[in-house]
Amino acid sequence: MPVPGLVRSLVKLAPHGLRSLLKLAPLTTLAWLGSPGCGGQAAPGAAPADDDLEAVEESKADNYRGTNAREFLATATASVTLDAAFSGKPESERRAAAEELVSARLLQIGWFLNLWVLDKEPEDSNKDYGGFHAMARTNSVKSLEVKPKSELEWSFNFEATLAAQNDLLRVMPGATEGGKKRATLKLAKLDNASLLAAGWKGYDVHSWNGDKEDAASVEALPIVVEAAPRSSNAFLNYAALMADGKLTVGAQFGWDYNEGRADLANARQLYDDLLGLGFQSPVTKYEDLKLGSGPLKRTARYGEKTVTVEVTLIHPGMIADPAANAKQLRDALLDLLATREVILFNGHAGTSGRLLPGDFHASSAGNILPTEYATLALPASYQLLLIEGCQTYARFTDGFRANPSKRGPHGELKNMDIVTSTSYTWTSQGAESMEAILFPLVGKDARKALSPATWDDVLRTMNAPPSTTAFMGVNGIDDDPHGHPYGNAARQGRSCSSAAQCGGEGNVCLRPRAGAAKVCAPQCIDDAGCSGGSRCAPVSSSTRTEPLGACVAR
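Going by my numbering, the first residue of the sequence shown is number -3, and it counts up by one from there.
Take a look at the structure:
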């Protein structure tokens, strides 16, 4: 039986060219697949042992949640100066011209912010410039106010969102004040004509170094960087995915130009690993799998419900030529996006924000461009989307958020969770990244109820070695459940002597306070996972602390 999650030889996935080859010895299988808990803790999601559990008083618990990346806000005030020809013009005309320049300046600022914070390649001439395992979201740079300072000079303040390692404020140069970092962003000076012609695009992430350029050609812009509010942990949205008794998954690997063809190796690995978990193939052997072959199938148990799972696997080896037939791979990916609930894509990427299923070196016919995301045929129902490639954070969340099917009333992302990276990923980890999401959704044994996972569980697996600096993260989870999917709120507060009397996994039997009689309590991540009037209390015994809390009356 193939072992899911084996790490094979590693090749860094770069947007435009591979420069180094690295190999690591095989590591152990995915932690989710059965590594035991340690330090006296139960494995996350597992039903706790019937012990003398007790809710912890609110004042005793520390408010802490750790992940390896989070979002930050960069804010500043900048200015534009109109050409002298606007002197004496009506204010409305001058304002319109100023706002046009501000729009261009925002793009310039976002560009040079990324040139600074993005990771560089070891071979880059500017490898020592910035590089904080960070990335700015392209469309997040926005002006908050534009106002005149004089007839021709107009000031504006702006805000940009970037994702970065948790300790960005420690490693970023500058002065720290009140939990904020005062730093200096360096930009190439551009005249108004160059600004309006997008002249910033001529400065390359692999070569421009604001610290070494001629000072006369560089603008130094003071900025303030601080941590942004972060989404709370949540369970994957099992209820939405399993509601109709069927889970449809599309897994597609984009064309890889490197020797060894990691796209084909990853596809074969995923296929074998699915067979190892009991999936039935639509073909006799892997080599017979073609476009239109149909999905691999298996059932999964979600609580008491049996769910049919279908995984459609797509890779460039299924067509005659990934360049001449690139449109077939594009059409296949568009179909997955339009019809599947879970879409897992692995391929070359970068700050351009394109989806590249075919041979993009020889043909652009297979490319899906960021300008298309707003008009793609997407269902209004919930979807989970993985875009695993280099630096995918910058464009994809905002791109899909512009689609009417995924845009909330206030412009927020709705009905979609999107997993992306802020740095370089590894071509050989394509199957592992997909499995980190897929396997918790289907369970490793079709005969047993799957144990629901949280996003922290999934992201810890995705960010485990060798992918610790990929900084995979997720957007869109604010509406995902904070209560255990198997939690039985109807039994909360009922007398009990064991968790089995409360509904089994997802529920505990505990003392809501010291000296009280034991009662049932559904498990939770935080207060949002409990019904009104209850709090999510940390749970502990004399020997351990449970990884999840439990809902108890205040």
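Using N, Cα and C, we set each Cβ at its ideal position, and we do this for glycine too.
In this structure, residue 492 sits away from residue 518, with a CB-CB distance that is not shorter than 9 Å. A distance below 8 Å between beta-carbons, with the five flanking residues on each side excluded, links residue 350 to the following residues of its chain, in chain order: 356, 363, 364, 365 and 366.
Note on the region 78 to 134: whole beta strand (DSSP E) runs with a minimum of 3 residues are 130 to 132, in chain order.
The region 193 to 201 makes contact with the region 103 to 122, as at least three CB pairs between them are under 8 Å. The alpha-carbon separation between residue 89 and residue 79 amounts to approximately 12 Å. Within the model, the alpha-carbon separation for residue 132 versus residue 103 is close to 11 Å. Residue environment: residue 344 is assigned as buried (16 or more neighbouring CB atoms within 10 Å of its CB, all protein chains considered).
By the beta-carbon neighbour count (other beta carbons within 10 angstroms, threshold 16), residue 109 is buried.
Per DSSP, the continuous beta strand (DSSP E) segment holding residue 413 begins and ends at 412 to 417.
Between residue 310 and residue 248, the CB-CB gap stays under 9 Å. As the crow flies, the alpha-carbon of residue 163 is around 45 Å from that of residue 490. Per DSSP, reduced to three states, the secondary structure at residue 283 is helical. Across the structure, residue 475 and residue 129 are spaced so that their CA atoms are roughly 28 Å apart. With a cutoff of 9 Å on beta-carbon distance, residue 276 and residue 287 are scored as not near each other. In the three-state reduction of the DSSP assignment, residue 309 falls in the strand class. Non-local beta-carbon contacts of residue 236 in its own chain, meaning distances under 7 Å to residues more than five positions away in sequence, involve 378 in chain order. With a beta-carbon spacing of about 5 Å, residue 470 and residue 415 fall inside the 8 Å limit used to define contacts. By the neighbour-count definition (other C-beta atoms within 10 Å, threshold 16), residue 405 is an exposed residue. When secondary structure is reduced to three states using DSSP, residue 504 falls in the strand class. Beta-bridge analysis with DSSP links residue 382 to 340 and 415.
Classified as exposed, residue 173 has fewer than 16 neighbouring CB atoms from the shown chains inside 10 Å of its CB.
Annotation: residue 536 to residue 547 spans about 13 Å, alpha carbon to alpha carbon. The criterion of a C-beta distance shorter than 9 Å is not satisfied by residue 330 and residue 285. For residue 219, the enclosing beta strand (DSSP E) has its first and last residue at 214 to 223. Inside the region 401 to 485, DSSP marks whole beta strand (DSSP E) runs of 3 or more residues at positions 412 to 417 and 468 to 471, from first to last along the chain. Following the DSSP letters along the chain, one finds residue 323 in no beta strand (DSSP E) but inside the alpha helix (DSSP H) bounded by residues 322 to 335. For residue 363, the secondary structure class from DSSP, reduced to helix, strand or coil, is coil. The C-beta distance from residue 451 to residue 229 rounds to 6 Å, short enough to meet the 8 Å contact threshold. Between residue 430 and residue 340, the C-beta spacing is below 9 Å. Taken atom to atom, the span from the alpha-carbon of residue 407 to that of residue 472 is near 12 Å. When the alpha-carbon of residue 428 is set against those of 245, 479, 261 and 458, the nearest one is in 458. By DSSP's assignment, residue 294 forms a beta bridge with 305.
With respect to the C-alpha of residue 420, the residue from 387, 392, 446 and 167 having the closest C-alpha is 387. Here DSSP, grouped into helix, strand and coil, assigns residue 548 to strand.
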